[in-house]
Every structure is written in structure tokens, then in C-alpha cells.
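Residue numbers (this note's numbering), protein chains in the order written: chain A, 1 to 114; chain B, 115 to 225; chain C, 226 to 363.
Ideal placement from N, C-alpha and C gives every residue a C-beta, glycine not left out.
Computed from a predicted model, the values in this text were never measured in an experiment.
These notes concern the structure reproduced below.
What follows is the structure, encoded as C-alpha cells:
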């Protein structure tokens, strides 16, 4: 799934990075626990989360997660946007809950991790 | 859909809180942050999380949630089980990741 | 000769946590280290950095880039670890509620550091501080 399709499906808007980014997202992971994110082994994933702080961006930087979906209308802070742009992470904001975002993306073919 | 039907349909393990199995579920909520659930979860939702701590039941009770599903095959703490019995809030478990179980359950409640 | 990078880590300042790991990551990319190895190194380093931020007053991180490996030493002044074996158990945590609400403190830090390193040594004195030394081979 391309970033543009993810945005369309979740009625989202891009907060950082390029919406035309040609990353192919294959799997998704829903979590608010950064320690959990740091144990991931996959690379072509989107992290679906309700967390919106700078540590989130640092964590996905270390875990090589290319795309993050911020749920429930939690806006990305300017610090988050700057850091995401610097590192090259795509940040998408949506008004969907994590539950709904997970449901919609699962039905549209994204796979779980393990 | 009742909690017991959800458990059967998705092969969820029932740890405790059988008294509440007949409760009708209104939808789902996903979060691993207790303050988030406190602020935004709605009555009769089923809460999906990887938190196993007894505070989970305290919050589920305060928010009148229908049940709690613990993911990734994690076992609830003994106090959590005890609390779930006392409050009559079913504590369920699955080996699936949050994304997968939420993805599957969502379909049941799609408007 | 091995190149050395040093960083100061301030306890309690989560906004700065990860800066050292990020610089180390950039350096490793420059050196052409394999992606999956870089990830092991930076995840372990970041977890260690977070531990200092979450628990200690301050710390010093030293990264020594050898031709075939990286050696990272993180020494902090802080509360120390009472029982290292217990702290190595998945799920054990002494993190505060505030730290947990930021998405950390699930008790997976030290186990994750062990998982991602080839060699790991932990020394700790209660009331004094903790010193971690880890080696990861490229």
C-alpha cells in the first residue's frame, strides 16, 4: 500500500514527508508502547499510534519504521514535524481512532507482523 | 454482539470475569496508555491493550467498558484477574497482535 | 586508530533522549555498516540512553568505532540497580507513571539491549550509578 492510499483510506493529512512517497507498506503495527516498537524486525511497516511526542519520532528512527499514522486527531507538534522531515519519516494525521484505523487498513490488505 | 459471542467468534481465551460475559458490546477501543482510555473510551466498548496491570480493570470499571482483551499471548497479572472477578469485567486474551485483532473485530461494529 | 564519539546525557530530559543514538546512526551509515546491524546498535544504544534519562541524574555515553565492531559505554550517576538479574527480566520496571504515559517503562529495555548486543556487561552500585558496556560486531 502506498502512502497516498493510506491517507485516502484513513481520511488523513500529511504532517511531514512526501505524500507521493513510493514506499510500499506491507504490514501494520498498532501500539502506544515505544519499547514494543523497538523490538520490531520488519521494515515496510506503518506504525498506528495514539502517542504524539518527540520520542515517538526518535523511536521510529531507531526502529527503521518509515511511516507513522497519528490517530484520534492528535496533531504532530512542530518539533515532531521538524525531526521527522530531517530524518525522512512520513507522518500522517487522522481523526480515526486506532481501532478504526486498524480495522480499515486490515480490511484493505495490510498484514499483521507476526 | 455479546462479550461471550465475541470470545467464541475470535477464539479468545476467557481468563476471568465470567459474570460480565452477557454484556452487549458497543464497539472497540485500542490504547496502551491508561490516561488515553480514561479520557476517551466509551461505555460498553471492548478495550484492546497489551497492558496486563491491575489498573486496567480499575479503568475499565470506571469507564463501564464491556471487556478487556490482552494481546500477544500475554498473561494478566494475578491481581488483574482478581480485580476482574471482583468487578465482573471479563478479561480476555489472544495470541494476535493489536493490529490483527482490532482489524478483525472492527468489521463486526462497522457502521 | 579507532574513532571515538562522546555525549553527555541529561537525566529527565526526554526531548533530548535519542540525540546520541541518532548521531551514532548517521556515523554508522557513513561507515557503510549493514542496515540490520545498524539497527541492532542504535536500538540498544537508544534503550540505554532512555534508561539514563528515565532514571539517572546524568550520564556519559562513549562510542568507540573499531574496524570490525562498535563498543559503547554508558556510565551514569543515579540510583543504580538493586538486582541486575531482576532488572534483566522482561516486564520488570521501576519507571514512574509519567514515563509510562510517554510510552516507555514497560520493562523491556535491558532485555532488548541484551537481545541486540553481542557482548554486554552491567555494573551497578546502589546510590552511585550504573555502567553498561556493550559490543556489537559488524
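Between the region 122-131 of chain B and the region 80-99 of chain A there are fewer than three inter-stretch CB-CB distances shorter than 8 angstroms, so the stretches are not counted as touching. A residue is called buried when at least 16 other Cβ atoms come within 10 angstroms of its Cβ; residue 351 (chain C) does not meet this threshold and is exposed. Residues of the region 87-106 of chain A whose Cβ lies closer than 9 angstroms to any Cβ of chain B, in chain order: 97, 98, 99, 100, 101, 102, 103, 104, 105, 106. If you check the CB distance, residue 17 (chain A) and residue 91 (chain A) come in under 8 angstroms. Interface criterion not met: the Cβ of residue 35 (chain A) is under 8 angstroms from no Cβ in chain B. For residue 314 (chain C), no chain B residue has a C-beta closer than 9 angstroms to its own C-beta; the minimum C-beta separation is roughly 14 angstroms. Restricted to the region 308-344 of chain C, the alpha helix (DSSP H) segments that are unbroken, complete and at least 4 residues in length are 309-312, 322-326, 334-341, listed in chain order. Around the beta-carbon of residue 93 (chain A), 16 or more other beta-carbon atoms lie within 10 Å, marking it buried. When the alpha-carbon of residue 123 (chain B) is set against those of B:223, B:224, B:219, the nearest one is in B:219.
Beta-bridge annotation (DSSP): residue 283 (chain C) is paired with C:235, C:302.
Residue 284 (chain C) has a beta carbon lying at 8 angstroms or more from every beta carbon in chain A. When the alpha-carbon of residue 48 (chain A) is set against those of B:138, B:213, B:209, the nearest one is in B:213. When beta bridges are read from the DSSP output, residue 67 (chain A) appears opposite A:46, A:90.
Comparing C-alpha distances from residue 61 (chain A) to each of A:73, A:39, A:50, A:71 shows the shortest one belongs to A:39. For the region 9-42 of chain A, the set of positions with a beta-carbon nearer than 9 angstroms to some beta-carbon of chain B reads 27, 28, 29, 30, 31, 32, 33, 36 in chain order. In this structure, the CA atom of residue 190 (chain B) is about 16 angstroms from the CA atom of residue 145 (chain B). Within chain A, the residues whose beta carbon sits less than 7 angstroms from that of residue 146 (chain B) are 31, 32, 33, listed in sequence order.
With a cutoff of 8 angstroms on beta-carbon distance, residue 330 (chain C) and residue 281 (chain C) are scored as not near each other. Assigned with DSSP and collapsed to three states, residue 117 (chain B) falls in helix.
A direct Cα-Cα distance of roughly 35 angstroms separates residue 309 (chain C) from residue 44 (chain A). For residue 29 (chain A), the uninterrupted beta strand (DSSP E) run begins and ends at 27-30, by DSSP. Residue B:154 holds the alpha-carbon nearest to the alpha-carbon of residue 96 (chain A) among B:148, B:119, B:154, B:147. For the region 122-151 of chain B, the beta-carbon criterion of a distance under 7 angstroms to any beta-carbon of chain C is satisfied by 147, 149. The Cβ of residue 187 (chain B) sits no closer than 8 angstroms to any Cβ of chain A. In this chain, the alpha helix (DSSP H) harbouring residue 223 (chain B) covers 212-223.
Neighbours of residue 326 (chain C) in chain B, taken as residues whose beta carbon is under 8 angstroms from its own, are 147, 148, 149 in chain order. Within chain B, the residues 211, 213 have their CB atoms less than 8 angstroms from the CB of residue 113 (chain A), given in chain order.
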